[in-house]
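Numbering (this note's numbering), first residue to last: 33 to 162.
Below, the structure written as structure tokens:
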């Protein structure tokens, strides 16, 4: 029997991005077909050393969700104007290019660990604006 659940979505807790995330998932015909893990910074929150104490919670949650719901894909949705990206950057100069690089670095780190732990799973990443 095939699971009705298609993916796990990793997204940020920022209320400003929720309408856009919901719209994006609706367009992908995923309404009611995904597990959600929401944490500050999304991929940044589960990959950057500044938030190391959060990482294990995500991985344990993913393991349980993939087992219970039979999901085979992770969709990661980060967003611009991200407070976690600003925290990671510290007091250095910050602009959209620097922020994009922080997001891309978080995607790369997450994909690397994901490939080791779940080599057959797919991972999709996206940075949204609002």
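Glycine included, every Cβ here is placed at the ideal spot set by N, Cα and C.
- [ ] Have a look at residue 106 and residue 42 and give me their C-alpha separation to the nearest angstrom.
- [x] Taking the first residue of the chain shown as position 1, residue 106 is located at position 74. Taking the first residue of the chain shown as position 1, residue 42 is located at position 10. Roughly 7 Å between the two C-alpha positions.
Task: Span of the alpha helix (DSSP H), counted from its first residue to its last, around residue 79 - done: Indexing the chain shown from 1 puts residue 79 at position 47. For residue 79, the enclosing alpha helix (DSSP H) stretches over residues 75-79.
Open item on the list: My output table needs one value for residue 109: the three-state DSSP class, helix, strand or coil.
Closed with: Against the chain shown, residue 109 aligns to sequence position 77. Reduced to three states, the DSSP call for residue 109 is strand.
TODO: Report the rounded CA-to-CA distance for residue 122 versus residue 130, giving the unit in angstroms.
DONE: Along the chain shown, one-based indexing puts residue 122 at 90. Along the chain shown, one-based indexing puts residue 130 at 98. Between residue 122 and residue 130, the C-alpha separation is close to 12 Å.
Task: Alpha carbon of residue 128 to alpha carbon of residue 92, nearest angstrom - done: For the purposes of this step, residue 128 is taken as the residue at position 96 of the chain shown. For the purposes of this step, residue 92 is taken as the residue at position 60 of the chain shown. Between the C-alpha atoms of residue 128 and residue 92 there is a straight-line separation of about 32 Å.
TODO: Just the C-alpha distance for residue 52 and residue 109, rounded to the nearest angstrom, thanks.
DONE: To locate residue 52, count along the chain shown from 1; it is residue 20. To locate residue 109, count along the chain shown from 1; it is residue 77. Rounded to the nearest angstrom, the two C-alpha atoms are 10 Å apart.
Task: First and last residue of the uninterrupted alpha helix (DSSP H) at residue 116 - done: By 1-based counting over the chain shown, the position of residue 116 is 84. Residue 116 -> alpha helix (DSSP H) spans 115-121.
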